[in-house]
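In what follows, a structure is listed as structure tokens, so that the remarks can point back to it.
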Amino acid sequence: MIRGKQPAANLRLTYRKIFWTCTGISVLLHAAIFGIFPSFEADAYVKSDEPIIIQLEEIPETKQERRPPPPARPVVPIATDDPDIPDDVTIEDTDLDLDLDDLAPPPPLEDLVEELELEEEEEIVELWRVEKQPVPTKRAVPEYPDIARKANITGKVFVTALIGKTGKVEQVGKITGPDVFHEAAKAAALKWEFEPAIQNDKPVKVWVSLPFTFKLN
């Protein structure tokens with residue numbers, strides 16, 4: 134016996150009917166909507182051009198009050214040991230009578246020039262500006278400090294020295310290097326002598342740096 138499908142249970146036949154039925158209903162609904170509502174127009178909001186009124190108010194001028202002048206400072210009396218001096222002393226006008234003939238004449242111009250030259254000679258010139266640099270003629274070897282010798286300390290010290298117009302060290306400035314050697318290096322630097330530096334055919338003062346090396350044999 135051959136079994137067959139009932140037409141109601143055949144999905145292929147019912148699918149086509151349902152599809153075309155739904156499509157027709159959808160087309161009818163869209164046509165009805167377009168027929169009822171043919172067009173939509175949005176009402177744009179138009180802002181009314183109302184005039185803007187600006188009201189100006191008159192601002193009164195601000196008046197600044199002038200401050201009164203500061204009160205005068207009180208005069209503090211100064212105590213004195215002389216009771217005969219009155220409290221109020223009036224100084225009268227005095228005529229000053231100068232007799233120019235009694236005044237001493239001014240010094241000659243040559244003396245003034247010599248004084249100016251002496252002042253210029255005392256000026257300390259930088260070492261690179263001199264025409265001839267100082268040359269050492271006498272050197273002094275510093276003594277090795279006992280504390281440095283016992284501690285086996287060595288080092289190098291630089292002493293800044295001012296060489297005068299006579300060639301002698303007049304002043305000691307900055308000292309760099311181990312502190313234990315500063316005093317010995319300073320004492321030795323003060324014993325050095327030089328041929329002075331020359332500028333404009335005259336001896337001048339200059340600062341130089343003297344090196345001292347401390348080493349143990």
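Okay, so the sequence shown: first residue is 134 according to our numbering, each after it adds one.
We treat Cβ as the ideally placed atom computed from N, Cα and C, and that holds for glycine.
Residue burial is scored here from C-beta neighbours: Ile308 has at least 16 other C-beta atoms within 10 angstroms and is therefore classed as buried. Burial state of Ala284 is exposed, judged by a 10 Å Cβ sphere holding fewer than 16 other Cβ atoms.
The distance from the Cβ of Phe347 to that of Thr287 is about 6 Å, consistent with a contact at the 8 Å cut-off. DSSP, read as helix, strand or coil, puts Leu295 in strand. Listed in chain order, the non-local C-beta contacts of Gln266 below 7 Å within the same chain comprise Leu260, Ala330, local neighbours out to five positions each way being set aside. Bridge pairing for Leu343: Val292 [DSSP]. In the same chain as Lys289, and ignoring 5 residues on each side of it, the C-beta atoms closer than 8 Å to its own belong to Gly310, Pro344, Phe345, Thr346, Phe347, in chain order.
Lys307: member of the beta strand (DSSP E) spanning 302-309, first to last residue. No residue range can be given for Ala273, since it is assigned to no alpha helix (DSSP H) and is classified by DSSP as neither H nor E. Non-local beta-carbon contacts of Tyr277 in its own chain, meaning distances under 8 Å to residues more than five positions away in sequence, involve Ala317, Phe347, Leu349 in chain order. Counting every other CB atom within 10 Å of its CB across the protein chains shown gives Gly297 a total of 16 or more, marking it as buried. With respect to Ala294, Val341 sits close: the two C-beta atoms are nearer than 7 Å. Within its own chain, the residues whose Cβ lies closer than 6 Å to the Cβ of Val337, once the five positions on either side in sequence are excluded, are Val258, Ala330, listed in chain order. By the CB criterion at 7 Å, Ala322 and Val339 fall outside the cutoff. For Val268, the pairing in a beta bridge is given by DSSP as Glu328. Taking a 10 Å sphere around the C-beta of Phe327, we find 16 or more other C-beta atoms and assign the residue as buried. Contact annotation: Glu264 and Gln332 have beta-carbon atoms nearer than 7 Å. Distance from the CA of Lys271 to the CA of Lys324, rounded to the nearest whole angstrom, comes to 8 Å. From the listed residues Pro269, Arg149, Gly300, the smallest Cα separation to Lys335 is found for Gly300.
With a beta-carbon spacing of about 6 Å, Val305 and Val292 fall inside the 8 Å limit used to define contacts. DSSP places Lys319 in no beta strand (DSSP E) but in the uninterrupted alpha helix (DSSP H) bounded by 315-322.
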